[in-house]
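Input: a single structure, listed below in structure tokens.
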Amino acid sequence: MGLPGGAAAGGGDGSGGTLADAVSGLVVLGCAVRVVRGARKPLTRLAALVLGLPVAGVALAAAGSVGATGLTGMARYLQVFVLVPAAVVLLVRDERDLRLVAWSFVALALWQGGVGVRQYLTGTGASYQGADVRAVGTFGPNDIMGMATVVSFGLVCAVGLALGSGTRPGAGNSRAGQAKTASHGVRNQRTVAALCALLLVAPLALSFSRGAWIATVVALSTQLVMAGLRRAVRVFAAVAAAAVVLVAGMGVGSQMLSERLGSITQVTDAPDQSVTDRYTMWAAAVDMWRAEPLAGVGLKRFPEERDGHASLALSSGSDVAGAGTDFHRQPLLSPHNMYLLILSEQGLIGLTALAGSWAALLVCGLRRATARTLGATANGRPGSARSAHPAKDCASIACGLLVWQLTDFVYADIGGPSTVLTAVVLGMAAWWALADRTTSEAAR
1364 MGLPGGAAAG
1374 GGDGSGGTLA
1384 DAVSGLVVLG
1394 CAVRVVRGAR
1404 KPLTRLAALV
1414 LGLPVAGVAL
1424 AAAGSVGATG
1434 LTGMARYLQV
1444 FVLVPAAVVL
1454 LVRDERDLRL
1464 VAWSFVALAL
1474 WQGGVGVRQY
1484 LTGTGASYQG
1494 ADVRAVGTFG
1504 PNDIMGMATV
1514 VSFGLVCAVG
1524 LALGSGTRPG
1534 AGNSRAGQAK
1544 TASHGVRNQR
1554 TVAALCALLL
1564 VAPLALSFSR
1574 GAWIATVVAL
1584 STQLVMAGLR
1594 RAVRVFAAVA
1604 AAAVVLVAGM
1614 GVGSQMLSER
1624 LGSITQVTDA
1634 PDQSVTDRYT
1644 MWAAAVDMWR
1654 AEPLAGVGLK
1664 RFPEERDGHA
1674 SLALSSGSDV
1684 AGAGTDFHRQ
1694 PLLSPHNMYL
1704 LILSEQGLIG
1714 LTALAGSWAA
1724 LLVCGLRRAT
1734 ARTLGATANG
1744 RPGSARSAHP
1754 AKDCASIACG
1764 LLVWQLTDFV
1774 YADIGGPSTV
1784 LTAVVLGMAA
1794 WWALADRTTS
1804 EAAR
């Protein structure tokens, strides 16, 4: 994921396989072998139901496709929304493992963000408004959302680690020295996480990705609400100060950023071509759904059906240049809205199955976060801390990542190397919401 030339093997549209896809396949295979051998307990009934719910809609839509495209589309959906998330649920043993994955996200985001900031400063990024200043990391201009997605995930994880306690209440209470050392370590971890979050603000801004900005604001707001009002005010003040320093004090793309922010609301009042294309494809997706309301037009058939449903306002493609790539036009092969893509290709059946699965993850995750926090507050009996500790950082990370992804799906869909990270995020959210804790703690 962090190597140069991270584009899909299948071409510029990001529809082909990647090295990350191959690695995720090996992880799923290894997890399946461990389950068969008894080294890992199978999923709980609830987890199997929630994660397996999308299979019905995907299979039905694949049956309605022509040729091999339906099978490749089905494999992709099962990989991202069923197999890899299930493997994450089975392989993550406890909160420490989840924190390790979160720190891995932060490290990857810092690397990609550092590359992106360098691209902006040296004029070697993707083309934006006639200048090669758009930060895209190692993903290249064909996948402009790749770096923005990675940096956003890292930022959400860093904020979650900074807001949460990171330890079990009562840990080390029998020995004052151990308790003091553990408390000091937690403070250091939270400080480092907060610094990482501030560092990631700049590359996220320089990605000029409106969808990532909106999703990050929604996710961080959710995390701050979960953390409490007092802590939310402190974090908001720190982020606001960082934004002022970066944009006003250092002049980091202030004019471009303000224009990009303004374009978010420009739907009818002189919108740029990218906004026009987006809403035109949204309308085309809705028109496809009206033609086939229950099962959709079939997996991977949006590009074939697009011209028959889109208006003349749709351009022939988006301009791609910079970051070592010659100018070319990239075809518009999806509506850049996951919900409308599912609705058009899988119909109401597919959207209900997938969106229902995601909604169940969100509800169960938030309920568990609330229940454990209340349990830790109300139950002060000896021996109850281990079962009722809030693990606020894990709750904030899992719920924040899921909220980010569900919000971003309004402005993006799956495709490219970063799609595997989407699968991992869904797995982290599923582990927090649905995993069997008793087995995990006994295994430790």
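Numbering-wise (our numbering), the sequence shown opens with residue 1364 and increments by one. By construction, the Cβ of each residue, glycine as well, lies at the ideal position given by its N, Cα and C atoms. Just so it is clear, the structure is predicted and the values come from calculations on it, not from any experiment.
Under the three-state DSSP convention, the category residue i falls into
i: H1691; result: strand
i: S1572; result: coil
i: V1660; result: coil
i: A1472; result: helix
i: G1778; result: coil
i: T1381; result: coil
i: A1739; result: Residue placement at A1739 is flagged as unreliable, the pLDDT there being 49, under the threshold of 50; the coordinate-derived value follows with that caveat. Three-state DSSP puts A1739 in a helix.
i: S1307; result: This structure leaves residue 1307 out entirely; the chain is present only between 1364 and 1807.
i: E1668; result: helix
i: G1503; result: coil
i: T1715; result: helix
i: D1460; result: helix
i: R1593; result: helix
i: S1515; result: helix
i: G1509; result: helix
i: E1655; result: coil
i: R1400; result: coil
i: P1566; result: helix
i: D1756; result: helix
i: P1448; result: helix
i: L1406; result: coil
Same chain only: Cβ atoms within 6 angstroms of residue i, ignoring 5 sequence neighbours per side
i: G1436; result: L1662 and K1663
i: I1760; result: A1465, C1520 and G1523
i: V1455; result: L1461 and W1794
i: V1390; result: A1450
i: G1574; result: D1771, Y1774 and A1775
i: E1668; result: M1651 and V1660
i: G1517; result: F1468, V1469, A1472 and L1563
Integer Cβ distance of residue i from residue j, believed to fall under 8 angstroms
i: A1658; j: G1710; result: 4 angstroms
i: A1424; j: G1713; result: 5 angstroms
i: R1462; j: D1756; result: 7 angstroms
i: A1758; j: P1504; result: That pair is no contact at about 37 angstroms.
i: L1810; j: T1579; result: Since the displayed the chain opens at 1364 and closes at 1807, residue 1810 lies outside it and no answer follows.
i: V1496; j: G1488; result: 5 angstroms
i: T1643; j: A1600; result: The Cβ separation is near 41 angstroms, so there is no contact.
Spatially closest choice to residue i from the options, by CA coordinates
i: S1515; options: F1571, A1419 and L1389; result: F1571
i: T1782; options: G1763, V1513 and V1452; result: V1513
i: V1469; options: A1556, A1647, S1387 and E1668; result: A1556
i: R1653; options: T1643, S1637, A1422 and H1672; result: H1672
i: L1412; options: V1391, P1448 and S1678; result: P1448
i: T1485; options: T1733, A1498, A1582 and Y1440; result: A1498
i: A1732; options: A1754, A1603, F1665 and C1559; result: A1754
i: A1494; options: T1770, Q1482, P1666 and G1500; result: Q1482
i: L1561; options: S1584, A1604 and W1576; result: A1604
i: A1385; options: A1582, G1779 and G1476; result: G1779
i: A1511; options: G1479, D1640, Y1491 and W1721; result: G1479
i: L1416; options: V1766, G1433 and A1722; result: A1722
i: L1704; options: R1641, G1388, V1418 and I1507; result: R1641
Beta-ladder partner(s) of residue i, from DSSP
i: S1674; result: Paired residues: none, contrary to the question.
i: A1494; result: Y1491
i: D1682; result: R1692
Chain-order list of residues whose beta-carbon lies under 8 angstroms from that of residue i (same chain, five-residue window excluded)
i: G1746; result: The pLDDT assigned to G1746 is 41, lower than 50, so where the model puts this residue is not dependable, and the model offers no usable value.
i: T1715; result: G1420
i: R1692; result: S1679, G1680, S1681, D1682 and V1683
i: A1798; result: T1407, A1410, V1452 and V1455
i: V1588; result: A1595
i: A1422; result: M1437
i: C1762; result: T1585, Q1586, M1589, L1725, G1728, L1729, A1732, A1792 and W1795
i: S1537; result: Since pLDDT at S1537 reaches only 47, below the 50 mark, its modelled position is unreliable, and the value read off the structure follows with that caveat. Answer for S1537: no residue qualifies.
Sequence-distant residues of the same chain with beta carbon closer than 7 angstroms to residue i, five excluded per side
i: R1594; result: L1526
i: T1785; result: V1443, Q1768 and I1777
i: R1550; result: none
Any non-hydrogen atom of the ligand FMN within 7 angstroms of residue i CB
i: V1396; result: The ligand FMN is not part of this structure, which contains no ligands at all.
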